[in-house]
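With the first letter of the sequence shown counted as 1, position 131 gets the number 132 in my numbering; the numbers rise by one all the way through. Even glycine gets a Cβ: it sits at the ideal position worked out from N, Cα and C.
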Amino acid sequence: MGTLGRAFYTVGFWIRETGQALDRLGSRLQGNYFFQEQLSRHRPLMNVFDKAPVVHRDAFVAPSASITGDVHVGHGSSIWYGCVLRDCFQMQVWGGNPARFLRKLTEDEMAFFSQSALNYSNLARAHAAENEKELDATEFEKLVRKKFARGDGEHDSVPNLSDDVLLDKSSKAS
Numbered sequence: 002m003g004t005l006g007r008a009f010y011t012v013g014f015w016i017r018e019t020g021q022a023l024d025r026l027g028s029r030l031q032g033n034y035f036f037q038e039q040l041s042r043h044r045p046l047m048n049v050f051d052k053a054p055v056v057h058r059d060a061f062v063a064p065s066a067s068i069t070g071d072v073h074v075g076h077g078s079s080i081w082y083g084c085v086l087r088d089c090f091q092m093q094v095w096g097g098n099p100a101r102f103l104r105k106l107t108e109d110e111m112a113f114f115s116q117s118a119l120n121y122s123n124l125a126r127a128h129a130a131e132n133e134k135e136l137d138a139t140e141f142e143k144l145v146r147k148k149f150a151r152g153d154g155e156h157d158s159v160p161n162l163s164d165d166v167l168l169d170k171s172s173k174a175s
């Protein structure tokens, strides 16, 4: 990163810190009317100076994940909850805290990772589709499942009710 870029980064850092300090000061001046809103300041994508992560638009990145530095996340990838992803060496296993080199990957492990990646990609796609639903659609599905439940009352799951049945019932209800 050039000198000018580093200067802009530093000035931006100063402005952000000044804004946060003013926010804290204003909160303290409110006295008994002080209210601190609990907002998550976590950002899943974090750049390190000029090295920013690149994420494909069809990739799933969980809100609590951290992708830092020069990382490229491709089509259909999924970065799950609590995952920390950084640029690292390929085909190596690192572990521990602090991390240290353990060994190189074997051919069997590389083949397993290819199949596992496909499985996780399918799981991430299903998870994203389920979480994209609006509140009204989710509440309607809960009502339909409850109405047509054929259980013994001990549990709330309906193993024989598929999404096709839900769609069929919703079209009749409309």
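Could you spell out the range, first to last residue, of the beta strand (DSSP E) harbouring residue i?
i: L106; result: Where L106 is concerned, there is no enclosing beta strand (DSSP E), given that its DSSP letter is neither H nor E.
i: V85; result: 85-87
i: W81; result: It is not in any beta strand (DSSP E) - W81 carries neither H nor E in the DSSP assignment.
i: Q93; result: 93-96
i: S67; result: 67-69
Here's the rule: buried if 16 or more other CB atoms are within 10 angstroms of the residue's CB, otherwise exposed. What is residue i?
i: T4; result: exposed
i: P99; result: exposed
i: I16; result: exposed
i: S115; result: exposed
i: V74; result: buried
Give the range of the alpha helix (DSSP H) segment to which residue i is assigned.
i: G27; result: 4-30
i: V145; result: 136-148
So, for residue i: in the same chain, excluding its five sequence neighbours on each side, which residues have a beta-carbon less than 7 Å away from its beta-carbon?
i: W81; result: A63, A66
i: A125; result: F61, S79
i: V12; result: none
i: D88; result: G70, D71, V72
Going by the DSSP bridge assignment, what does residue i pair with across the sheet?
i: L46; result: I68
i: H73; result: V55
i: F61; result: S79
i: R101; result: G96
Could you pull out every residue in the same chain whose Cβ sits closer than 6 Å to the Cβ of residue i, ignoring the five residues on either side in sequence?
i: A174; result: Residue confidence for A174 is low, a pLDDT of 49 falling below 50, so the modelled location carries little weight; the figure read from the coordinates is stated next. No residues qualify anywhere along the chain.
i: G20; result: none
i: C84; result: A66
i: V55; result: H73
For residue i, which residues from the same chain have a beta carbon less than 8 Å from its beta carbon, with the 5 sequence-adjacent residues on both sides left out?
i: F50; result: M2, G6, R7, Y10
i: D59; result: H76, G77
i: S122; result: G77, S78, S79
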